[in-house]
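Structure first, commentary second.
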Amino acid sequence: MKQLNREEKELLKTIFFDRLNKEVAQIENSAWERAAAQCQDFLTNVFTELLLEHIFAANNKTINKLVPENNQDSPATDQEKKTETDHRLMESRPEKDRQAKSFIYLYCIAPLEAALMLKNEIVPGLPDGGSVRSVEYGNIAAIVSSVPVETYSEDVLEELVKNLDWLESRVTRHEEIIQYVAEHFPVIPMKFCTIFHTHERVRQLLSHKESDFNNMLASLKGKEEWGLKIYYQPAQLSRYVARNSALIQETKGMAEAKGAGAAYFIRKKMDDLLAEEMENTATQIAGYVNTELAPYVAEGKINRLLGSEITGRLETMALNAVYLVGQSEINDFKQRVVDLSEKYQNLGFDFALTGPWPPYNFSSFSDLEGGGENEQLN
1 MKQLNREEKE LLKTIFFDRL NKEVAQIENS AWERAAAQCQ DFLTNVFTEL
51 LLEHIFAANN KTINKLVPEN NQDSPATDQE KKTETDHRLM ESRPEKDRQA
101 KSFIYLYCIA PLEAALMLKN EIVPGLPDGG SVRSVEYGNI AAIVSSVPVE
151 TYSEDVLEEL VKNLDWLESR VTRHEEIIQY VAEHFPVIPM KFCTIFHTHE
201 RVRQLLSHKE SDFNNMLASL KGKEEWGLKI YYQPAQLSRY VARNSALIQE
251 TKGMAEAKGA GAAYFIRKKM DDLLAEEMEN TATQIAGYVN TELAPYVAEG
301 KINRLLGSEI TGRLETMALN AVYLVGQSEI NDFKQRVVDL SEKYQNLGFD
351 FALTGPWPPY NFSSFSDLEG GGENEQLN
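full-length UniProt numbering applies: residue 1 is where the sequence shown begins, and numbers increase by one.
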């Protein structure tokens with residue numbers, strides 16, 4: 001490439017003087033716009049802190065946690081008590097993480113009206129993050145807050161989630177914020193630690209899935225998620241089955257008629273039959289309950305049964321289901337659960353109904369949805 005001498009450079013400057021001035025002006029304007037946006041984000045966080053301090057000092061009060069009033073058991077999902085963080089929507093460049101001051105933490109997607117509600121309230125976000133706010137696009141809003149890069153970069157976060165106290169407080173707050181918005185509007189809840197580098201990345205998500213989000217929110221409007229777990233006490237159900245199973249009674253009679261040696265093997269067989277009959281009875285009752293509830297629900301899902309090491313209960317689980325229920329059907333749905341619970345109480349069955357919950361199990365965006373019992377720590 002030819003190197004221009006001084007005279008040639010001056011000649012080009014004269015020829016393209018107007019064009020150079022125009023380009024310089026555009027660069028300056030663009031730089032000013034970016035600087036203004038960064039200053040706005042910085043001042044928003046500063047002013048929020050100042051306002052909170054002033055509110056506390058003037059009124060001598062604190063902002064209460066937004067704890068759901070319902071039972072703190074969470075709805076049933078097939079990965080209970082397991083916090084998933086490997087799905088986070090983060091750029092896999094740790095060096096870029098350290099260049100930014102904060103990330104954008106996404107709690108849920110909601111109608112645009114949710115953004116208007118949040119603009120009139122101060123809702124604390126995660127313990128180490130900023131206040132809850134929104135990113136809007138069209139008729140939808142992403143409910144978000146800022147979180148510090150030094151805490152929520154991927155490499156640091158992988159270590160922090162091993163601290164159960166740290167994890168529980170963040171997961172709980174994540175759930176509370178989604179629950180709070182869901183009390184007023186339909187929501188599409190996100191998994192714990194769905195994180196973006198910038199507001200623009202969030203807007204890109206809203207733009208890309210605008211139609212899907214709008215359709216999903218419309219289908220969820222006026223509906224709530226309820227979880228139903230059914231447990232049974234093995235000893236109590238065993239007595240019922242032993243009394244009422246014709247096969248068990250027949251095998252018992254054979255054992256009593258045989259000698260001691262043969263009777264031992266027959267009783268062993270009877271124990272195996274009793275365990276099988278108990279399982280069949282529990283499965284039949286669970287299926288019957290699910291069928292009886294079908295007329296009251298818009299949608300239902302059966303999740304895998306959970307062992308005592310997860311549930312923390314001595315009883316055996318017979319049903320782990322979630323239901324999407326319209327508000328007009330909720331009272332009838334709950335009453336039917338009560339009726340069925342009373343029907344099987346004497347057999348050792350216990351019905352645990354929890355809700356309402358955001359529709360964790362009925363949001364079809366598998367790469368973004370989540371929560372519920374997956375994230376609930378006991």
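Backbone N, C-alpha and C define an ideal beta-carbon position, used for all residues, glycine too.
Residue nearest to residue 187 within the set 214, 277, 229 and 208 is 214 (criterion: CA-CA distance). DSSP places residue 356 within a strand segment (E or B) once states are collapsed to three.
Counting of Cβ neighbours within 10 angstroms places residue 175 among the buried residues, the total reaching 16 or more. Assignment of residue 272 by DSSP, reduced to helix, strand and coil, places it in the helix class.
The straight-line gap separating the alpha-carbon atoms of residue 206 and residue 110 is approximately 11 Å. For residue 178, the enclosing alpha helix (DSSP H) has its first and last residue at 164-182. Only residues of its own chain outside the window of five on either side were considered, and among them 151, 166 and 167 have a CB closer than 8 Å to the CB of residue 160, listed in chain order. Here residue 124 is buried. Its C-beta has 16 or more other C-beta atoms within 10 Å. The closest CA to that of residue 317, considering only 363, 323 and 307, is found on 307. In the DSSP assignment, residue 333 falls within the unbroken alpha helix (DSSP H) covering 330-344.
Going by DSSP, residue 310 is part of the alpha helix (DSSP H) stretching over 308-311.
Per DSSP, the continuous beta strand (DSSP E) segment holding residue 319 begins and ends at 316-326. DSSP lists 231 as the bridge partner or partners of residue 350. Here the alpha carbon of residue 184 sits roughly 30 Å from the alpha carbon of residue 319.
Residue 300 is bridged by DSSP to 323. Residue range 154-160 is occupied by the alpha helix (DSSP H) that includes residue 156.
Cβ-Cβ separation between residue 344 and residue 285: approximately 6 Å, consistent with a contact (criterion under 8 Å).
In this structure, the CA atom of residue 299 is about 30 Å from the CA atom of residue 314. In this structure the segment 196-210 touches the segment 101-110; the number of beta carbon pairs closer than 8 Å is three or more. Here residue 178 has 107, 108, 187, 189, 358 and 371 as same chain residues with Cβ atoms under 7 Å from its own Cβ, once five neighbours each way along the sequence are excluded.
Beta-bridge annotation (DSSP): residue 240 is not paired with any residue. A Cβ-Cβ distance of about 12 Å is found for the pair residue 156 and residue 128, leaving them out of contact under the 8 Å criterion. One alpha carbon belongs to residue 136, the other to residue 115, and they sit about 7 Å apart.
Per the coordinates, the alpha-carbon of residue 340 lies some 17 Å from the alpha-carbon of residue 233.
Between residue 134 and residue 143, the beta carbon gap of about 6 Å places them in contact (Cβ cut-off 8 Å). In the structure shown, residue 189 falls within a strand segment according to DSSP collapsed to helix, strand and coil. Counting of Cβ neighbours within 10 angstroms places residue 304 among the exposed residues, the total staying below 16. For residue 146, the enclosing beta strand (DSSP E) starts and ends at 140-148. Counting along the chain, no alpha helix (DSSP H) covers residue 305, and no H or E run does either. When the Cα atoms are used, residue 350 and residue 230 turn out to be separated by approximately 6 Å.
The three-state reading of DSSP puts residue 224 in strand, counting E and B together. CA-to-CA, the gap between residue 294 and residue 169 works out to about 36 Å. Residue 153 has its alpha-carbon roughly 15 Å from the corresponding atom of residue 126. DSSP, reduced to helix, strand and coil, places residue 194 within a strand of the structure shown. Cβ-Cβ distances below 8 Å link residue 140 to 109, 110, 111, 112, 206, 210, 213, 214 and 217 in the same chain, with the five nearest sequence neighbours on each side left out; the list follows chain order. With respect to the 9 Å criterion, residue 222 and residue 327 are classified as neighbours on the basis of their beta carbons.
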